[in-house]
Amino acid sequence: MDSKLYAFLERAEAVLARLEPLLPAQREPIDWDDCLAARWQREGRSGYLMPLQVSLDMRLTDLIGVDTQRDQLGRNTKQFLNGLPANHALLWGSRGTGKSSIIRALLAEYAPAGLRLIEIERDHLADLPRVVEQIQGLKQRFILFCDDLSFDAGEGDFRVLKSVLDGSLEQAPDNVLLYATSNRRHLVSEKESDNENWKNVDGELHPSEAVEDKIALSDRFGLWLSFYPFTQEHFLNVVEHWIEVLAGKAGLKCQRDEALDILAVRWATGRGNRNGRCAYQFARYWVGLKLLEQNND
């Protein structure tokens, strides 16, 4: 009997050794008093919140030329932090114009007031109920942040996502909001053929069901904020701001002049866009170059 039991235990131990690598690792619960941000990480059929080390260098005052969008989202976030009614927000428009930067700047501004950020990828939004389950009842206020929320033609995931958003957002606790960014206002790419079935009823145009279906996804967000391409003057003002910030940290004295503006415009032209990201990259290039020349003198 003892030999049979011993053999059984050996076999059980061997099976467990083979199964153990397949099991999800035990995760320590996040201390949200110290942790400011996390990312939902898919693992097998489930997932977990992975703590992130975030930089709080981006401030709301660094966002030049998007004052209206910044103020509207700031007010919405203040309402949320104060336990007042607030809307889920969709920030849409041209790339590099500050959509994601505003959300990260909000974290820097309001983290002392209990604001926390959880990043979740578009493909993982079906896990929203699991994410919400882990943070409901906590004293902190959480923004679930989905960057680049959009779908290409032919992808049917957006219909599933609509159902998930409906259920998750309507039943979410009052300490959770969803902020998303996208290059498209309607999130799903629209084809010319979608407009062929519009109906004319008593002189009024009514969209086809395909168009209604795609627009309905954006309707889950109560606040829409639009971001547009920069004018040249807007771009140069952002360049000037970031040069002042970066040069000031390095103790470098600089002054905007025509030669600097020409260089910045050439930089943007070479990249085919004028936006905040491009302005920041040029400022880093220019300040770094001046510091290198200074060190070589």
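Start counting the sequence shown at 1; every next residue gets the next number (full-length UniProt numbering).
Glycine included, every Cβ here is placed at the ideal spot set by N, Cα and C.
Predicted, not measured: the structure shown is a model, and the values here were computed from it.
Could you give the first and the last residue of the continuous alpha helix (DSSP H) run that contains residue i?
i, result
"G47", "It is not in any alpha helix (DSSP H) - G47 instead sits in the beta strand (DSSP E) that spans 46–52."
"A105", "99–110"
"R122", "First-last for R122: undefined, no H or E at that position."
"E43", "It is not in any alpha helix (DSSP H) - E43 instead sits in the beta strand (DSSP E) that spans 37–43."
"W242", "232–250"
"residue 312", "As shown, the chain starts at 1 and ends at 297. That puts residue 312 outside it, with no answer to give."
"I143", "Not the alpha helix (DSSP H): I143 falls in the beta strand (DSSP E), residues 141–146."
"G288", "276–296"
"L128", "128–135"
"A268", "258–271"
Report the CB separation of residue i from residue j in whole angstroms; it is logged as a contact under 8 Å.
i, j, result
"G96", "N296", "Not confirmed; about 32 Å, so no contact."
"P50", "R42", "Before going further, note that residue 50 is Met rather than Pro in the sequence given. So it is not a contact: roughly 10 Å between Cβ atoms."
"L144", "L106", "So it is not a contact: roughly 13 Å between Cβ atoms."
With burial defined as no fewer than 16 other Cβ atoms inside 10 Å of the residue's Cβ, what is the status of residue i: buried or exposed?
i, result
"K175", "The sequence given here places Asn at residue 175; Lys does not occur at that position. So N175 ends up on the buried side."
"F8", "exposed"
"Y110", "buried"
"T61", "exposed"
"R284", "exposed"
"T269", "exposed"
"V127", "Position check: residue 127 holds Asp in this sequence, whereas Val was assumed. D127 comes out buried."
"K99", "buried"
"E293", "exposed"
"I262", "exposed"
"S46", "exposed"
"V239", "buried"
"T181", "buried"
"Y280", "buried"
In the DSSP assignment, find the unbroken beta strand (DSSP E) run with residue i in it and report its ends.
i, result
"T181", "176–182"
"R75", "Premise fails: R75 lies in the alpha helix (DSSP H), 67–81, not in any beta strand (DSSP E)."
"A89", "89–93"
"L56", "No beta strand (DSSP E) holds L56; DSSP gives it neither H nor E."
"L223", "223–227"
Is residue i near the ligand MG, judged by its Cβ being under 7 Å from some heavy atom?
i, result
"I243", "Within the structure as shown, the ligand MG is missing, as the structure has no ligands at all."
Worksheet item: How do the region 29–36 and the region 81–95 stand: do at least 3 beta-carbon pairs fall below 8 Å, yes or no?
Response: no
Worksheet entry | Inter-stretch contact (C-beta, 8 Å, three-pair minimum) for the region 133–144 and the region 55–69 | The count of Cβ pairs closer than 8 Å, one atom from the region 133–144 and one from the region 55–69, stays below three, leaving the stretches out of contact.
Practice prompt. Check whether the region 66–74 touches the region 217–226, counting contact only when three or more Cβ pairs, one atom from each stretch, lie closer than 8 Å.
Written response: At 8 Å Cβ cutoff, the stretches touch.
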